[in-house]
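Engineer: Okay, handing you the structure first.
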Amino acid sequence: MSGPGRTPAEYARAYASWRSDSPLPRAAATRVSLRLESLRGLSAVRRQVQHFLLSSLEIGRDEAVAPEVEDAVERAVLVIDELTSNALRHGAPPSSLHIGDDEGRWIVIVTDAAPGRVPTPARERPAGQGGYGLYVVADLTAEHGVHYEADRKLVWACLVKPR
1102 MSGPGRTPAE
1112 YARAYASWRS
1122 DSPLPRAAAT
1132 RVSLRLESLR
1142 GLSAVRRQVQ
1152 HFLLSSLEIG
1162 RDEAVAPEVE
1172 DAVERAVLVI
1182 DELTSNALRH
1192 GAPPSSLHIG
1202 DDEGRWIVIV
1212 TDAAPGRVPT
1222 PARERPAGQG
1232 GYGLYVVADL
1242 TAEHGVHYEA
1252 DRKLVWACLV
1262 KPR
């Protein structure tokens, strides 16, 4: 589903993937938990997330980070940025970010207190008007979804860790 040349069927699949309640993936213990306060604070969140993701890969201190590893971490940070900014823009406080570190993947869960506000990707909207972040998340993750509880919404994504 990558790139601007998506077929109508690919758009439909990506759109539908956000429309139903999906069970949360099983994860190892959460390694990062951050309260999301404001859009302005997301640059600090991105730095913390990038540091955590790189440190979870067990790269030696003297080892150079391979370009494909840097790319994978950048994609993961982009996904996390999309999910956290959506929670702050379209959800309700309190919002939080949780990252689990499983053997071959990172499991990201972003919560907010607006279970009635369903994540809705843009449809038939000019690209300059925004609303395409959920398609980016669908493109860059192994799995993704949303789970609803009585008082909160949990938007989640699984990202494959680079080797």
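Okay, so the sequence shown: first residue is 1102 according to our numbering, each after it adds one. Note that CB positions come from ideal geometry on N, CA and C, so glycine has one too.
Ignore the nearest five residues each way along the sequence and tell me which others in LYS1262's own chain have a CB closer than 7 angstroms to its CB.
Structural biologist: Within the sequence shown, numbered from 1, the residue matching residue 1262 stands at position 161. So the list reads LEU1158, GLY1205, ARG1206, TRP1207, once near-sequence residues are dropped.
Engineer: GLN1151 and VAL1133 - do their beta-carbons sit closer together than 9 angstroms?
Structural biologist: Within the sequence shown, the letter at position 32 stands for residue 1133. Within the sequence shown, the letter at position 50 stands for residue 1151. Not closer than 9 angstroms, so no.
Engineer: What residues match up with LEU1262 in a beta bridge as DSSP calls it?
Structural biologist: For this step, residue 1262 is matched to residue 161 along the sequence shown. This sequence places Lys at residue 1262; Leu is not what is there. In DSSP, LYS1262 forms no bridge with anything.
Engineer: Helix or strand or just coil, what does DSSP make of ARG1206?
Structural biologist: The residue you call residue 1206 lines up with position 105 of the sequence shown. Three-state DSSP puts ARG1206 in a strand.
Engineer: Tell me the rounded alpha-carbon separation between GLU1138 and LEU1189.
Structural biologist: Working through the sequence shown from its first residue, we reach residue 1138 at position 37. Working through the sequence shown from its first residue, we reach residue 1189 at position 88. When rounded, the distance between both Cα atoms is 8 angstroms.
Engineer: Could you spell out where the alpha helix (DSSP H) holding GLU1225 opens and where it closes?
Structural biologist: Position 124 of the sequence shown, counting from 1, holds the residue named residue 1225. Element bounds for GLU1225: n/a, residue is neither H nor E.
Engineer: Quick check on ARG1114: buried or exposed, where buried means 16 or more other Cβ atoms within 10 Å of its Cβ?
Structural biologist: Numbered from its first residue, the sequence shown carries residue 1114 at position 13. With fewer than 16 Cβ atoms within 10 Å of its Cβ, ARG1114 is classed as exposed.
Engineer: I'd like to know whether the C-beta atoms of THR1221 and VAL1256 end up nearer to each other than 9 angstroms.
Structural biologist: Working through the sequence shown from its first residue, we reach residue 1221 at position 120. Working through the sequence shown from its first residue, we reach residue 1256 at position 155. For THR1221 and VAL1256, no; Cβs fall outside 9 angstroms.
Engineer: Within 10 angstroms of its Cβ, does ILE1160 collect 16 or more other Cβ (buried), or is it exposed?
Structural biologist: Here residue 1160 refers to the residue found at position 59 of the sequence shown. Under this definition ILE1160 is an exposed residue.
Engineer: Considering Cα atoms alone, identify which of ALA1130, HIS1191, PRO1168 is closest to ALA1234.
Structural biologist: Your numbering for residue 1234 matches position 133 in the sequence shown. Per the sequence shown, residue 1234 should be read as Gly rather than Ala. Nearest option by C-alpha distance: HIS1191.
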